[in-house]
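Note sheet for the following structure.
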Amino acid sequence: MFESLGNKLQDILDRVGKERQLTEAQVKAAMREIRMALLEADVNFGVAKDFVARVGEQAVGQQVEGSLTAGQTVVKVVHDELIQTLGGKTAQPELRAEGNVWFMVGLQGAGKTTSTGKLASLYKSKGRRVLLVAADTQRPAARDQLEVLARQVGVPILKVADGESPAETRRRVDEHLKTDFRDLVIVDTAGRLQIDEALMDQLADLQAAMQPTESLLVVDAMTGQEALNVAQTFDRRVKVTGLVITKMDGDARGGAALSARSVTGKPIYFAGTSEKISGLEPFYPDRVAGRILGMGDVLGLIERAQQADLKAMEVKKPGDFDLEDLLTQLRQIRKMGPLGDLLKLIPGMSRALPEGFNVDEAQIQRVDAMISSMTVKERRNPKIIDGRRRKRIAEGSGHTVQDINRLLKMHEQMKDMMKMLGRMQGGKPGAKMPR
Ligand code: GDP
Numbered sequence: 001m002f003e004s005l006g007n008k009l010q011d012i013l014d015r016v017g018k019e020r021q022l023t024e025a026q027v028k029a030a031m032r033e034i035r036m037a038l039l040e041a042d043v044n045f046g047v048a049k050d051f052v053a054r055v056g057e058q059a060v061g062q063q064v065e066g067s068l069t070a071g072q073t074v075v076k077v078v079h080d081e082l083i084q085t086l087g088g089k090t091a092q093p094e095l096r097a098e099g100n101v102w103f104m105v106g107l108q109g110a111g112k113t114t115s116t117g118k119l120a121s122l123y124k125s126k127g128r129r130v131l132l133v134a135a136d137t138q139r140p141a142a143r144d145q146l147e148v149l150a151r152q153v154g155v156p157i158l159k160v161a162d163g164e165s166p167a168e169t170r171r172r173v174d175e176h177l178k179t180d181f182r183d184l185v186i187v188d189t190a191g192r193l194q195i196d197e198a199l200m201d202q203l204a205d206l207q208a209a210m211q212p213t214e215s216l217l218v219v220d221a222m223t224g225q226e227a228l229n230v231a232q233t234f235d236r237r238v239k240v241t242g243l244v245i246t247k248m249d250g251d252a253r254g255g256a257a258l259s260a261r262s263v264t265g266k267p268i269y270f271a272g273t274s275e276k277i278s279g280l281e282p283f284y285p286d287r288v289a290g291r292i293l294g295m296g297d298v299l300g301l302i303e304r305a306q307q308a309d310l311k312a313m314e315v316k317k318p319g320d321f322d323l324e325d326l327l328t329q330l331r332q333i334r335k336m337g338p339l340g341d342l343l344k345l346i347p348g349m350s351r352a353l354p355e356g357f358n359v360d361e362a363q364i365q366r367v368d369a370m371i372s373s374m375t376v377k378e379r380r381n382p383k384i385i386d387g388r389r390r391k392r393i394a395e396g397s398g399h400t401v402q403d404i405n406r407l408l409k410m411h412e413q414m415k416d417m418m419k420m421l422g423r424m425q426g427g428k429p430g431a432k433m434p435r
């Protein structure tokens, strides 16, 4: 759908070539592309402009590092700055021994109620005693929705009645805590479809009564540009302490995260990654930076490849990467560290792999079995494997046709990656990874 920033930069940077220092004109050309790509990734205009200005300053006169080319050096500068802008390291909300109250705010549909349930589940599993407070009196079904989630997670819930005053809600929560000790109270609040003053007043009143230790703004990653206004307004009125970016499993490239984080300066604690109760992860700035760049963590991949003796990378020509090579590579790649982590570094791979797909020893054996059930001719040219053969290979190796399809798809993705890596090294056949 998007042409990745990585690819575009590559085009410009191919022209930069092998020089050891970046000139101003080269950097300027690259920065234009970066700004366009950020806008395409739905980063707010002002945020993109500031970002490009910062990166440009750093990149001019930047010495080309070690084995990297000038092109890769610019990508690295952009990548590093993206990570910094997204918060640098992964941050977690403050958690005291007891008396934690988290206030969840955001527009209707952002995923507030869902995220409240997810947090209850996550922190219960960490040994916290969670109480949920359903205070979204705006959306008709929100309180019932949270009740279902509470039951699913196995935590108590207190439902706010229509027209109940903030003081009364506070009193009821205190009353509950007297008989049932809870060290983390999470309050789901009312949202509206758009920012509106009456809503902000209502939230501010409830916040004053509840005195939360964290006020988490839930932002839908798909809202793109709008995320900036939303974040700014909520922060002004309810003093946000952290962000939750939902629907990162969708097509959104992460521009909303960059905008919301830039304008509030508040840490992004979590990313919502599915509709399920388990679909909440700590927010990893480096992964999202890679996603905005549209190229996965290619630098990380290069660095790890440099460290490992990766003969399989020395493919004759990247386009020739066949299933034999895949098998060799899978076996050798294990030396580079946990394979699951490594595969996530490959662009598109995290989405190509089905949910719960865990690459481990057993997985490698499965792949091994599947490839071994193919003829050498098929391994060299997987395109000839038709439906009938897929069925036979599946039977022969004790797998399903879906497994075979998945493997062939994974191979295609890896082939694309090999081509891209090949290009990063100047596309010479037989080129080795930079050392
Ligand atoms: P609220 O109005 O802010 O409370 O929104 P909800 O929690 O009801 O969420 C709105 C919709 O977004 C629901 O259909 C959720 O299932 C969905 N949703 C929430 N978070 C995520 C997420 O991280 N990924 C995906 N795919 N869907 C989500």
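Just so you know, we're using the UniProt record's numbering here: the sequence shown kicks off at 1 and counts up by one. Built from N, CA and C at the ideal position, the CB exists for glycine as well.
A distance below 8 Å separates the beta carbons of Ala209 and Arg170. Annotation: the continuous alpha helix (DSSP H) that includes Asn229 extends over 226-238. Nearest to Lys178 by C-alpha distance, out of Gln138, Gly99, Met222, is Gly99.
Here the distance from the Cβ of Thr264 to the nearest heavy atom of the ligand GDP is not below 7 Å.
Per DSSP, the continuous alpha helix (DSSP H) segment holding Val288 begins and ends at 285-293.
Under the 8 Å Cβ criterion, the region 133-145 counts as touching the region 153-161, having at least three qualifying pairs.
Using a Cβ distance threshold of 8 Å, Leu293 and Val78 count as a contacting pair.
By the CB criterion at 8 Å, Gly255 and Leu107 fall outside the cutoff. When the beta-carbon positions are compared, Lys247 and Ala221 come within less than 8 Å of each other. Using a Cβ distance threshold of 8 Å, Thr113 and Ala142 count as a contacting pair.
For Pro212, no beta strand (DSSP E) encloses it, and the DSSP letter there is neither H nor E. Shown here, Lys159 sits in a strand according to DSSP, grouped into three states. Taking C-beta atoms as the reference points, Thr189 and Val101 fail to come closer than 8 Å. Beta-bridge partners of Asn100 (DSSP): Leu184.
Assigned with DSSP and collapsed to three states, Ala142 falls in helix. Unbroken alpha helix (DSSP H) runs of no fewer than 4 residues, entirely contained in the region 388-428, are found at 401-424, following chain order. Counting only residues of its own chain and dropping the five nearest sequence neighbours on each side, Thr137 has a CB closer than 7 Å to the CB of Val160, Asp162, Ala190. Ranked by Cα distance from Glu324, the options Thr375, Gly290, Arg287 are led by Thr375. DSSP places Val244 within a strand segment (E or B) once states are collapsed to three. With a cutoff of 8 Å on beta-carbon distance, Met370 and Leu216 are scored as not near each other. Residue pairing by DSSP places Phe270 opposite Val244, Pro282 in a beta bridge.
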